[in-house]
Amino acid sequence: MTEEREKPGRPSGADQEQGSTESEDGTLRCRLVVECSLGLHARSAAKIVALTQGFDCEIVFSKDGHQADGDSILALLTLNCPHGAAVEVEAWGPEAPACLEALSGLFARCFDEE
Amino acid sequence: MKRLKGVAASPGIAIGRSYQVQRTRAEVVYQEIIGPGQVFSQLHRLERAVAATEEELGAIKARVEKELPAQVYLIEAHLMMLKDQLFYGQARRLIEEEMISAEWAVYAASCDIAARFAAIDDLYLRSRIEDVEAVAERVLRRLAGQPAEDIAGIKEKGILVARNLSPADTTQIDTNWVMGLVTAMGTRTSHTAIVAQALEIPAVVGLERALESIPSGVLIVIDGTSGEVVVDPDEETLFDYQERQARFESYTVEIRRQAHLLARTADGHRVSVLANIEQADEAVSALDLGAEGIGLFRTEFLYLSRQELPTEEQLYLDYREVVERMSGRPVTIRTLDLGGDKFAHHFDLVPEMNPAMGLRAVRLCLRRPDIFKTQLRAILRASVHGRVRIMFPMISGIGEMLSCRQTLQECQDELKSQGLACDPEVAVGCMMEVPSAVFIADLLARHVDFFSIGTNDLIQYSLAIDRVNEYVAHMYQPFHPGVLRMISATIEAARKRGIPVAMCGEMAGEPLSVPLLLGLGLEEVSVNPRAVPWVKRVLRSADRRRCRRLARRVMAFETEAQITEFINQELGRFFPDLFSSEGQMVY
């Protein structure tokens, strides 16, 4: 509940929503920015895992050529995402659109932490 | 003999053997190649060890959920790590493909993960490897047939020495064995300190290199009042501390014995010292410790401890129990101070981004008059059994206050028409914890019978500091001139209007701030029951006129640092029998 409060409303949050594209094989892609001041740490990674586990789809995060499955807290932590880092997200499967939407919401709300 | 200095976190002296709680890998790791026929049995061993660890963590999670809900996520993260493909999945693969033992596979998998973490440049993220290691250790210990060292399992009297204690650790401390705590990490307001104070065992935190400086099994002395730790003390030092320990203990006993005396200052001024409680049965110990009433009865417990909402009858019986136990002494019941996040299952609310400033307390209650009225009716019905005061939390403006009073009036009328009795004179007040309320205190005072300053939230909201956030916790300063001005303005507005004003935040129970609060004109404090005897002791040796002069000078300073330094010095001078010049209680 500190200095980051106004951020979800800033342009970067809006970009995240619009940035989603669909490729020919049905894979959805979008770019999300870690806005919370602590970066993608244990609490936020745990929230991503809990969220992606609730959807019938595959989620892969990538950054700097490294990839992390959305259901692996360790892979997410070691993806090395401090404050301000941008990650590419790929999603495919029956519930990929819903999952991606929920994910960008979680990112935009700074993982409900601040 | 070696003298070390850390941060004093919980008062008292402990003398005993050090007991290192090492959160490192179990010593069971060795490479073992297995034959193809053993793959299945090794996989099976791994599965069982992981299942046992999952159960172990699940039990810890259940305990933490009850006692430290804010820390549950940590245990959840550990559970996720345990089942992570990079850990569990990788260990399984190593057994199958490399044909190595379950132990070696777990060790190898955790080394791979450690290598990934080592490449991270962010210090905080990099240090999360500790969590992975903690999980791997639990599994390795299970594989070795020696379950992870549970602090609850310590059956040797000693002083715990650790780098840091997690909520999973501190919830398990058994004070029959654990005499004190020393940690390398932590501050005066950190989790370890709070737990140690609640358990009433001495603690020193923030002692850098504690594990390196204090080996296991040596005699150590820790002074939780000054922050000193002596490793392997010589005879003279030991004797000195034994004497001090005895003095502290008899002093504590003495202070408790005097707890029933009235808190009357040296110049004859009365200050009421009441207690804060959360559950009805705490009223008994509050009375034993000399509380003159309940200044804050937090009513959330009955809502959080069950799935369904409590009924009016359940609430009434609970409140009545406290009111009757206090036999005529005031009982200040604070209406529900919960946010939607705390009980989504009752309210069907979406998670909020910023719950501390969200739909909580009276805001939530005014939206749900059914729930609000059930509680108000229960409080009103309990009011005939003694002296009840109703207090509304999180009031930020007059409109809210009037709506609360309106709802209360409706309840009174309903009860009357139903022939149910309630005290028509029940006092109605509000918490002063939102800065806007402080600025309109003069207006608000026209609409209430009393104020109670809730310093925890007032400080958080006025300094914009979340004290649970380790990066800014040090800036949570009760002696910040801005905070002191708010307190002073509230007291002044109440005085002008002729209504009583109390303080029920943690600041009121801090012996060091009591003389200042007295000097600012506060006439009632409500504190943790354990602090009642100490606060009364300070008040009895205080002189109000001197405290007023102290307050006047304090209010002229510009910074928190100047104020703290000045108060420490002055209290040492005013109360040489109570405080040292460093602001510590002497005994």
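First to last, the sequence lines map onto chains A and B. Here the working numbering is used: position 9 in the first sequence is 9, and no number is missing along the way. For any residue, its number in the working numbering is found by taking its place in the second sequence, counting from 1, and adding 114. No residue lacks a Cβ here, since even glycine has one placed at the ideal position from N, Cα and C.
Say whether chain A places a C-beta atom closer than 8 angstroms to the C-beta of B/I369.
no
Give the DSSP bridge partners of B/V436, in chain order.
DSSP output for B/V436 lists no bridge partner at all.
Counting contacts by CB-CB distance shorter than 8 angstroms, is B/R139 in contact with chain A?
Interpretation of B/R139 is limited by its pLDDT of 49, a score under 50 that renders its predicted location unreliable; the figure taken from the coordinates is listed afterwards. No, because no Cβ of chain A sits closer than 8 angstroms to the Cβ of B/R139.
Count the other C-beta atoms from every protein chain shown that fall within 10 angstroms of the C-beta of B/K650, then say buried if there are 16 or more, exposed otherwise.
So B/K650 counts as buried.
Could you pull the start and end residues of the alpha helix (DSSP H) that B/I227 belongs to?
A216 to A232
Contact residues within the region 72 to 91 of chain A, judged by C-beta distance below 7 angstroms to chain B
S72, I73, L74, A75, L77, T78, N80 and P82
Taking 8 angstroms as the threshold, find out whether the region 103 to 113 of chain A comes into contact with the region 245 to 257 of chain B through three or more Cβ pairs.
no
Quick one: is B/Q199 near chain A, going by C-beta distance under 8 angstroms?
yes
8 angstroms is my cut-off, CB to CB: does B/Y187 come that close to chain A?
Yes, B/Y187 lies at the interface with chain A (some Cβ there is under 8 angstroms from its Cβ).
Beta-bridge partners of B/I408, as assigned by DSSP
B/A389 and B/V445
Near A/A68, which residues of its chain fall below 6 angstroms by C-beta distance, leaving aside the five closest residues on each side in sequence?
F61, A75, L76 and L79
Alpha-carbon spacing of B/R139 relative to B/A250, whole angstroms:
Only weak support exists for where B/R139 lies, its pLDDT of 49 falling under 50; the value from the coordinates is given anyway. In a straight line, the C-alpha of B/R139 is about 7 angstroms away from that of B/A250.
Taking Cβ to Cβ, would you say B/L157 is nearer than 8 angstroms to B/R206?
Yes, the pair counts as a contact, with Cβ atoms nearer than the cut-off.
Taking buried to mean at least 16 other C-beta atoms within 10 Å of its own C-beta, is B/G300 buried or exposed?
Label assigned to B/G300: buried.
Report the CB separation of B/L410 from B/T446 in whole angstroms; it is logged as a contact under 8 angstroms.
6 angstroms
Reference B/R159; option with closest CA among B/Q199, B/L375 and B/S215
B/S215
Where do the ends of the beta strand (DSSP E) carrying B/A380 lie?
Here B/A380 belongs to no beta strand (DSSP E), and DSSP marks it neither H nor E.
When burial is assigned at 16 or more other CB atoms within 10 Å of the CB, is B/V398 buried or exposed?
Counting C-beta atoms within 10 angstroms of its own C-beta, B/V398 has fewer than 16 neighbours from the protein chains shown and is therefore classed as exposed.
Check the Cβ of B/E547 against every Cβ in chain A and list those closer than 8 angstroms, keeping chain order.
Within 8 angstroms Cβ-Cβ: nothing; B/E547 doesn't reach chain A, min ~14 angstroms.
Through-space distance from B/A122 to B/I129, alpha-carbon basis:
16 angstroms
Going along chain A, which residues have a C-beta under 8 angstroms from B/D236?
Correct list: G39, N80 and P82.
With a threshold of 8 angstroms between beta carbons, is B/D245 in contact with chain A?
yes
Quick one: what does DSSP say B/C518 is sitting in, helix, strand or coil?
helix
Between which two residues does the alpha helix (DSSP H) harbouring A/C30 extend?
Per DSSP, A/C30 belongs to no alpha helix (DSSP H); it is in the beta strand (DSSP E), L28 to V33.
Separation of A/Q53 from A/S72, as counted between CA atoms:
10 angstroms
Starting from B/E342, follow its DSSP beta bridges and name the residues at the other end.
B/K119 and B/D337
For A/W92, the residue or residues it bridges with in DSSP
A/E58
For B/H192, does the count of other Cβ atoms within 10 angstroms reach 16, so buried, or fall short, so exposed?
Taking every protein chain shown into account, the CB of B/H192 has 16 or more other CB atoms within 10 angstroms, so this residue is buried.
Can you find a CB in chain B that lies within less than 8 angstroms of the CB of A/A46?
A/A46 counts as touching chain B.
Residues that A/A102 contacts on chain B, provided the C-beta gap is smaller than 8 angstroms:
Within 8 angstroms of the CB of A/A102, no CB atom of chain B is found; the nearest one sits about 12 angstroms away.
By Cβ distance, which residues of its chain are closer than 6 angstroms to B/K116, with the 5 residues on each side in sequence left out?
Correct list, in chain order: V345.
Output yes if chain B places a C-beta closer than 8 angstroms to the C-beta of A/A98; else output no.
no
Who are the neighbours of A/V49 on chain C, taking C-beta pairs under 7 angstroms?
Within the model displayed, chain C is absent; protein chains A and B are what it includes.
Mind checking which residues open and close the alpha helix (DSSP H) that includes A/L77?
I73 to L77
Using CA atoms only, rank isn't needed, just tell me which of A/E22, A/E58 and A/V33 is closest to A/W92.
A/E58
Taking the alpha-carbon positions, what's the B/S602 to B/L480 distance?
30 angstroms
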